């Protein structure tokens with residue numbers, strides 16, 4: 001049994017999943033859609049937190065792996081008529097494989113330069129989405145088949161439950177990981193790579209494994225997203241989405257698994273709230289103006305609460 | 001070289017001149033603070049948008065340019081004071097996130113002020129297009145090249161011929177000792193943001209007549225500026241100049257021969273290659289400071 005809750009992370013993940021499963025029966029479908037979005041973004045952010053928070057690296061290209069998962073699943077479904085369940089596995093595998101190949105290039109760099117390299121790779125991958133006609137080019141894929149179990153075709157409720165189930169598994173797995181010697185080695189790397197190496201940690205290999213894992217998380221989320229949205233095109237996986245993932249990671253708390261969920265929920269909900277209320281206060285505001293607030297919140301968080309919302313408790317305890 | 005490819009080269013030189021200005025901003029800030037400012041492209045956007053809307057409102061184009069550069073410089077200073085200085089004790093990764101936040105916030109702010117419609121700016125002067133070996137450059141290109149000459153000459157004179165410039169170079173070479181000698185590092189950091197924003201803003205204004213100005217132009221320009229700066233080695237102003245032109249030409253020729261969609265992709269492939277093969281850049285010294 002895969003989902004045996006062996007510790008607090010597993011138990012609380014199951015509890016949250018139960019709450020979500022109950023919520024989707026009472027909430028209007030609009031909110032169910034938001035729940036799905038939060039679940040999928042949180043899944044990406046958990047992978048990102050492992051890489052950025054625990055291993056102390058930085059990735060500004062995570063949207064590309066989300067996109068690779070979405071495109072792989074969509075291509076397998078549209079071109080090869082395979083079920084999205086296989087598409088999800090294929091998406092995770094291909095995202096992981098590409099991350100593995102890229103890691104030899106990107107992970108030789110640190111901080112500023114690693115940020116630049118991941119940003120660049122994310123944009124190159126987006127250009128490939130745009131220019132490769134086999135996967136739809138700039139017009140993307142439409143009519144992507146949805147998930148189904150037997151005769152039951154997934155509705156919005158089922159997608160929310162699927163997204164949060166994968167999230168629960170993701171939290172359980174990551175929870176095991178960060179408590180293992182692997183997780184402690186990651187923290188050692190983020191504290192100082194040379195020191196970690198001196199203690200016998202193979203920093204290069206661990207960073208690579210974490211990067212690959214973070215890509216697999218994003219790939220699974222992307223594959224579910226493709227079927228749920230039923231339409232994808234390259235603009236859905238731009239640099240700005242990568243920045244949003246970083247935002248979720250930082251706001252929630254970069255070195256916390258539940259922080260990823262809190263961050264994803266806050267960014268999604270805040271986006272909705274701002275879209276509703278800012279025009280009331282400022283009738284002339286147009287377009288995607290809420291990004292101003294998101295950027296400002298990101299800066300304020302980093303200055304005032306650098307460990308994020310989930311990290312705030314520990315900070316208060318130490319103060 | 002066919003006429004077509006030559007035309008791509010000329011187009012590359014034209015945009016390369018702008019990339020060089022934005023790259024110069026990166027280099028200024030990186031040298032003084034060790035920070036890669038992900039919001040650099042937005043300064044160009046602010047310059048272009050401000051000048052375009054002022055000129056449309058009837059202000060003479062050179063007055064509008066001066067005011068736009070001043071606005072961009074002020075925004076740069078505010079960014080430093082509001083977001084960078086309060087977080088100066090943070091680690092490198094946190095500072096990267098902060099400049100990303102600045103980028104997002106500035107673009108959102110531009111949406112508030114200007115909306116999504118592109119603004120246009122009439123070329124500074126009329127005149128006929130320049131024809132070089134059969135290739136064509138618009139009259140505005142002369143203004144773009146002129147701006148490069150003036151800005152880079154001014155930076156050269158400042159760093160090599162003035163007392164303050166020498167102090168900045170000393171501070172960059174050895175911050176603790178420079179600090180001991182009373183060189184005000186924090187003030188330099190502030191002015192590096194102001195100067196980088198002013199130069200970026202000026203770049204945005206001079207290119208606005210060619211590309212038109214939109215709230216989201218900063219991302220593309222900023223990213224191109226990065227690549228140019230890294231090509232040049234991140235620490236060298238002549239490198240930024242060379243990097244800008246090399247990138248502009250490569251990108252436009254590759255884009256012309258493949259498809260324009262590949263322009264960005266080629267630029268970033270070059271960035272990745274340079275980062276991996278020669279992180280000190282084309283003109284950088286092999287030995288970096290620790």
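Residue numbers (the UniProt record's numbering), protein chains in the order written: chain A, 1 to 319; chain B, 1 to 290.
Backbone N, C-alpha and C fix where the C-beta goes; we use that ideal spot for every residue, glycine too.
Here the structure is a predicted model, which means the values were calculated and not measured.
Minimum Cβ-Cβ distance from residue i to chain B less than 8 angstroms
i, result
"residue 308 (chain A)", "no"
"residue 107 (chain A)", "no"
"residue 62 (chain A)", "no"
"residue 65 (chain A)", "no"
"residue 188 (chain A)", "no"
"residue 219 (chain A)", "no"
"residue 185 (chain A)", "no"
"residue 259 (chain A)", "no"
"residue 176 (chain A)", "no"
"residue 140 (chain A)", "no"
"residue 170 (chain A)", "no"
"residue 243 (chain A)", "yes"
"residue 112 (chain A)", "yes"
"residue 27 (chain A)", "no"
"residue 298 (chain A)", "yes"
Under 8 angstroms between C-beta atoms of residue i and residue j
i, j, result
"residue 83 (chain B)", "residue 111 (chain B)", "no"
"residue 115 (chain A)", "residue 96 (chain B)", "yes"
"residue 73 (chain A)", "residue 146 (chain A)", "no"
"residue 254 (chain B)", "residue 263 (chain B)", "yes"
"residue 129 (chain B)", "residue 118 (chain B)", "no"
"residue 193 (chain B)", "residue 80 (chain B)", "yes"
"residue 300 (chain A)", "residue 62 (chain A)", "no"
"residue 121 (chain B)", "residue 209 (chain B)", "yes"
"residue 275 (chain B)", "residue 230 (chain B)", "yes"
"residue 236 (chain A)", "residue 308 (chain A)", "no"
"residue 22 (chain B)", "residue 47 (chain B)", "no"
"residue 87 (chain B)", "residue 240 (chain B)", "no"
"residue 232 (chain A)", "residue 122 (chain A)", "no"
"residue 268 (chain A)", "residue 38 (chain A)", "yes"
"residue 144 (chain B)", "residue 17 (chain B)", "yes"
"residue 103 (chain A)", "residue 212 (chain A)", "yes"
"residue 205 (chain B)", "residue 65 (chain B)", "yes"
"residue 271 (chain B)", "residue 120 (chain A)", "yes"
"residue 138 (chain A)", "residue 17 (chain A)", "no"
"residue 129 (chain A)", "residue 241 (chain A)", "no"
Per DSSP, cross-strand counterpart(s) of residue i
i, result
"residue 89 (chain B)", "Paired residue(s): none; residue 89 (chain B) is not in a bridge."
"residue 55 (chain A)", "None; residue 55 (chain A) has no bridge partner."
"residue 130 (chain B)", "B:137"
"residue 232 (chain A)", "A:141"
"residue 152 (chain A)", "A:149"
"residue 119 (chain B)", "B:213"
Cβ neighbours of residue i in the same chain (closer than 8 angstroms, five flanking residues each side left out)
i, result
"residue 5 (chain A)", "Annotation note: pLDDT 44 at residue 5 (chain A) (below 50); position unreliable, coordinate value reported separately. Once the five neighbours on either side are set aside, the close Cβ partners of residue 5 (chain A) are 11, 13, 14, 172."
"residue 272 (chain A)", "34"
"residue 319 (chain A)", "Residue confidence for residue 319 (chain A) is low, a pLDDT of 38 falling below 50, so the modelled location carries little weight and cannot support an answer."
"residue 206 (chain A)", "55, 182, 185, 186, 189"
Within-8 angstroms CB hit, residue i to chain A
i, result
"residue 86 (chain B)", "yes"
"residue 169 (chain B)", "no"
"residue 36 (chain B)", "yes"
"residue 262 (chain B)", "yes"
"residue 231 (chain B)", "no"
"residue 259 (chain B)", "yes"
"residue 97 (chain B)", "yes"
"residue 83 (chain B)", "yes"
"residue 197 (chain B)", "no"
"residue 104 (chain B)", "yes"
"residue 186 (chain B)", "no"
"residue 275 (chain B)", "yes"
"residue 94 (chain B)", "yes"
"residue 292 (chain B)", "Only positions 1 to 290 of chain B appear in this structure, which leaves residue 292 (chain B) out of reach."
"residue 118 (chain B)", "no"
Spatial neighbours of residue i in its chain, beta-carbon cut-off 6 angstroms, leaving aside the 5 residues before and after
i, result
"residue 125 (chain A)", "64"
"residue 61 (chain B)", "55, 124"
Own chain, CB closer than 7 angstroms to residue i, minus 5 neighbours either side, in chain order
i, result
"residue 158 (chain B)", "165"
"residue 141 (chain B)", "14, 130"
"residue 320 (chain A)", "Residue 320 (chain A) falls outside the range modelled here, since chain A spans only 1 to 319, and no answer is possible."
Using 8 angstroms as the cut-off, can you tell me whether the stretch 243-260 of chain B makes contact with the stretch 134-143 of chain A, which would need three or more C-beta pairs spanning the two stretches below that distance?
The stretch 243-260 of chain B, when compared against the stretch 134-143 of chain A, does not touch it at the 8 angstroms Cβ threshold.
So does the stretch 217-235 of chain A actually touch the stretch 83-96 of chain A, counting three or more Cβ pairs closer than 8 angstroms?
Between the stretch 217-235 of chain A and the stretch 83-96 of chain A there are three or more inter-stretch CB-CB distances shorter than 8 angstroms, so the stretches are counted as touching.
Three or more C-beta pairs below 8 angstroms linking the stretch 233-241 of chain B and the stretch 43-62 of chain B
No: the two stretches stay apart, fewer than three of their Cβ pairs being nearer than 8 angstroms.
Under 8 angstroms: do the stretch 286-304 of chain A and the stretch 69-86 of chain A share three or more Cβ pairs, one atom per stretch?
The answer is no - the stretch 69-86 of chain A does not touch the stretch 286-304 of chain A, with fewer than three Cβ pairs under 8 angstroms.
Determine contact between the stretch 22-40 of chain B and the stretch 192-209 of chain B, defined as no fewer than three beta-carbon pairs at a distance below 8 angstroms.
The stretch 22-40 of chain B vs the stretch 192-209 of chain B: in contact.
Looking at C-beta atoms only, is the number of pairs between the stretch 150-160 of chain A and the stretch 246-257 of chain A that lie closer than 8 angstroms three or more?
No contact exists between the stretch 150-160 of chain A and the stretch 246-257 of chain A.
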